[in-house]
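Chains as they are written, first to last, in my numbering: chain A, 1 to 321; chain B, 322 to 648. Where is the CB? At the ideal position from N, CA and C, for every residue including glycine. Input: a single structure, listed below in structure tokens.
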């Protein structure tokens with residue numbers, strides 16, 4: 001037993017050749033966010049508060065695809081999604097189609113705490129944000145020259161999501177990813193305190209060049225985000241594969257119904273339940289274990305446990321520390 | 322393989338005082354939909370086609386809360402959602418915030434087959450519908466006289482769903498303190514529209530599919546998304562089974578009810594009916610009321626609910642057929 005925390009900044013085909021000027025700010029951001037989480041948990045904040053706090057920090061960081069730094073839809077707009085879940089009560093809140101809220105994760109928490117519903121989308125979510133007086137910003141806060149360039153590259157590299165009447169083709173992600181842009185990324189955080197209380201939070205801008213109105217795995221309880229009294233999970237990668245495999249709930253079900261350990265269950269998911277190059281996840285158990293497997297080339301990730309273990313990494317077997 | 326099997330539902334949570342003629346109408350519709358599905362299965366249509374066909378029929382008939390006859394939002398409009406899942410390959414499609422598509426379930430199927438995504442919502446989903454030439458109608462088409470009356474009653478009976486206070490006991494139904502009525506989704510059951518319609522099918526090849534469609538909650542907040550479009554919550558299908566849920570959406574989402582039926586079969590080795598019973602008993606925490614229908618790849622059919630009644634019907638290839646509302 002003991003506290004543990006893990007966070008991610010997205011999984012995907014992150015090229016190992018990513019230049020240092022692209023890699024280092026992201027590693028620094030992961031370390032910075034990890035430290036914020038560690039400090040909060042040591043200060044006795046609840047895991048629910050900790051995951052919200054850390055994800056807010058990740059949203060505010062333009063290096064990751066959530067909040068500031070969110071990628072653009074095919075129309076050049078921002079449609080963010082986020083989800084938060086408390087393990088003990090299984091209370092949860094989710095939002096989709098958020099365009100002006102600075103921290104979508106905090107709006108998800110308000111849906112959880114201030115409405116009889118779990119999930120609000122689009123105009124209804126925006127109207128709720130205004131009623132609650134949560135901080136909103138002009139869309140230019142999210143739509144940066146970098147994002148516009150990223151969308152342009154995606155449109156040139158790939159016509160699939162512009163003309164979806166055509167058969168699905170292999171998406172050429174390498175072009176823009178060579179620069180280390182987190183095209184299909186997401187951010188997330190899971191935490192457990194010394195008493196075994198768990199929470200999970202995930203936030204994203206979605207896919208570059210996604211169709212307007214597309215909902216991914218992030219806001220879906222049991223897919224991109226899940227927490228109960230056994231474990232807490234935040235997933236990242238190709239949303240459609242994660243939805244199909246109900247990754248979040250799958251991890252908990254493998255532990256509850258099949259008796260697997262956290263690490264066995266998580267590796268089973270990335271090895272057996274999801275196609276190669278689609279899925280990464282971070283998870284903690286009520287016992288204070290932590291795991292961060294992925295079957296993509298890389299995943300921006302960081303974790304720490306009460307016994308002093310910390311890890312910050314991007315690729316397999318190559319922790320940055 | 323054990324032959325085909327089919328089950329349909331028209332929502333969980335039924336007013337115990339529902340007039341006899343309304344009960345008869347509901348049973349007739351369920352029987353008609355079952356027969357439609359049975360005919361299609363005998364003609365060797367695959368499970369995924371049969372669930373879509375049957376749910377279209379349920380959407381088109383105004384009796385239940387989906388398509389025409391959908392529950393109304395606080396603004397008096399209709400916002401529908403639906404999802405469909407094919408066991409083989411676990412392909413799936415879902416839509417939310419649909420206001421002009423005549424059959425949301427068919428739009429969900431198009432998302433599954435013709436888009437690179439699994440789930441489209443609101444204006445993006447409507448735009449996608451237009452591009453694919455799906456049949457569209459005015460929002461008025463979905464609104465029935467009955468539902469306008471129900472919305473009025475819901476607004477009078479209940480303040481929960483149109484402001485954001487967390488309900489406290491005794492506050493939500495102060496006009497009827499001496500005899501607090503049964504509730505579903507925070508509404509007195511007499512003004513509650515059972516939340517969904519759904520169909521699950523296994524065909525002769527042992528392939529399972531599931532489809533769910535809904536107008537959502539009467540007097541719901543604009544933009545509210547429930548369990549019906551969420552894969553693993555309201556709808557799920559895989560190699561082992563197909564499941565469609567109905568009832569209090571938030572409890573179904575928290576319990577990932579549909580996925581858990583499959584997980585219990587896959588990881589705990591339970592049979593279909595045992596898995597259904599388990600989720601109804603153990604996975605609906607906090608007193609949540611819900612029901613579900615399910616089929617297995619072996620040709621079994623099962624249902625379960627802890628609400629007062631569920632409109633449902635089921636049939637199997639060996640001649641078994643049942644249509645019911647109460648326990």
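Output, in chain order, the set of chain B residues within a Cβ distance shorter than 7 Å of residue i.
| i | result |
| --- | --- |
| residue 96 of chain A | 442 |
| residue 254 of chain A | 588 |
| residue 146 of chain A | The contacting residues do not exist; residue 146 of chain A stays about 24 Å from chain B at best. |
What residue range is occupied by the uninterrupted alpha helix (DSSP H) comprising residue i?
| i | result |
| --- | --- |
| residue 294 of chain B | In the structure displayed, chain B extends from 322 to 648; residue 294 of chain B sits before or after that span and is not available. |
| residue 37 of chain A | 20 to 42 |
| residue 566 of chain B | No alpha helix (DSSP H) holds residue 566 of chain B; the beta strand (DSSP E) holding it covers 562 to 568. |
| residue 532 of chain B | Taken as a continuous stretch (DSSP letters only), residue 532 of chain B belongs to no alpha helix (DSSP H), being part of the beta strand (DSSP E) at 529 to 535. |
| residue 71 of chain A | Counting along the chain, residue 71 of chain A falls outside any alpha helix (DSSP H), and DSSP gives it neither H nor E. |
When DSSP labels each residue in this structure, what does residue i get in the three-state scheme?
| i | result |
| --- | --- |
| residue 410 of chain B | helix |
| residue 640 of chain B | coil |
| residue 435 of chain B | helix |
| residue 582 of chain B | helix |
| residue 316 of chain A | coil |
| residue 95 of chain A | strand |
| residue 235 of chain A | strand |
| residue 57 of chain A | helix |
| residue 260 of chain A | coil |
| residue 208 of chain A | coil |
| residue 510 of chain B | helix |
| residue 86 of chain A | strand |
| residue 628 of chain B | coil |
| residue 309 of chain A | coil |
| residue 546 of chain B | strand |
Given that residue i touches chain B, what residues does it touch there, using C-beta distances under 8 Å?
| i | result |
| --- | --- |
| residue 92 of chain A | 574, 575 |
| residue 385 of chain A | The structure shown has nothing for residue 385 of chain A, since chain A only spans 1 to 321. |
| residue 150 of chain A | What residue 150 of chain A touches in chain B: nothing, since even the nearest Cβ is about 18 Å away. |
So residue i and residue j are supposed to be a Cβ contact under 8 Å. How far apart are they, rounded?
| i | j | result |
| --- | --- | --- |
| residue 186 of chain A | residue 44 of chain A | Not really, about 28 Å apart at Cβ, beyond 8 Å. |
| residue 644 of chain B | residue 351 of chain B | 5 Å |
| residue 546 of chain B | residue 262 of chain A | Incorrect: roughly 30 Å between the Cβ atoms, too far for contact. |
| residue 404 of chain B | residue 533 of chain B | 6 Å |
| residue 423 of chain B | residue 388 of chain B | 7 Å |
| residue 208 of chain A | residue 72 of chain A | 7 Å |
| residue 529 of chain B | residue 358 of chain B | With 8 Å as the limit, residue 529 of chain B and residue 358 of chain B do not qualify as a contact, their Cβ atoms being about 14 Å apart. |
| residue 342 of chain B | residue 384 of chain B | Not a contact, Cβ separation roughly 12 Å. |
| residue 314 of chain A | residue 300 of chain A | 6 Å |
| residue 278 of chain A | residue 83 of chain A | Not really, about 19 Å apart at Cβ, beyond 8 Å. |
| residue 59 of chain A | residue 108 of chain A | That pair is no contact at about 11 Å. |
Considering just the uninterrupted stretch of the beta strand (DSSP E) at residue i, what are its terminal residues?
| i | result |
| --- | --- |
| residue 330 of chain B | 326 to 333 |
| residue 600 of chain B | Unbroken run through residue 600 of chain B is the alpha helix (DSSP H), 593 to 603; no beta strand (DSSP E). |
| residue 16 of chain A | Looking at the DSSP string, residue 16 of chain A is not in any beta strand (DSSP E), and its letter there is neither H nor E. |
| residue 616 of chain B | 611 to 617 |
| residue 441 of chain B | 440 to 442 |
| residue 5 of chain A | 4 to 12 |
| residue 305 of chain A | 298 to 305 |
| residue 469 of chain B | Where residue 469 of chain B is concerned, there is no enclosing beta strand (DSSP E), although the alpha helix (DSSP H) it sits in stretches over 466 to 478. |
Interface residues of chain A around residue i at Cβ under 7 Å?
| i | result |
| --- | --- |
| residue 571 of chain B | 117, 118 |
| residue 606 of chain B | 90 |
| residue 456 of chain B | Those within 7 Å of residue 456 of chain B in chain A number zero; the least Cβ separation is about 18 Å. |
List the residues of chain A that residue i touches, going by C-beta distances under 8 Å, in chain order.
| i | result |
| --- | --- |
| residue 581 of chain B | 249, 253 |
Should residue i go down as buried or exposed, given a rule of 16 or more other Cβ atoms within 10 Å for buried?
| i | result |
| --- | --- |
| residue 41 of chain A | buried |
| residue 587 of chain B | buried |
| residue 364 of chain B | exposed |
| residue 548 of chain B | buried |
| residue 90 of chain A | buried |
| residue 238 of chain A | buried |
| residue 228 of chain A | buried |
| residue 331 of chain B | buried |
| residue 526 of chain B | exposed |
| residue 581 of chain B | buried |
| residue 555 of chain B | buried |
| residue 466 of chain B | exposed |
| residue 641 of chain B | exposed |
| residue 541 of chain B | buried |
| residue 451 of chain B | exposed |
| residue 360 of chain B | exposed |
| residue 140 of chain A | exposed |
| residue 349 of chain B | exposed |
Whose Cβ in chain A lies nearer than 9 Å to the Cβ of residue i?
| i | result |
| --- | --- |
| residue 615 of chain B | Those within 9 Å of residue 615 of chain B in chain A number zero; the least Cβ separation is about 16 Å. |
| residue 585 of chain B | 253, 257 |
| residue 562 of chain B | None at all; the shortest Cβ gap to chain A is about 14 Å. |
Residues of chain E with a CB under 9 Å from the CB of residue i: which are they?
| i | result |
| --- | --- |
| residue 244 of chain A | Absent here is chain E; the protein component of the structure consists of chains A and B. |
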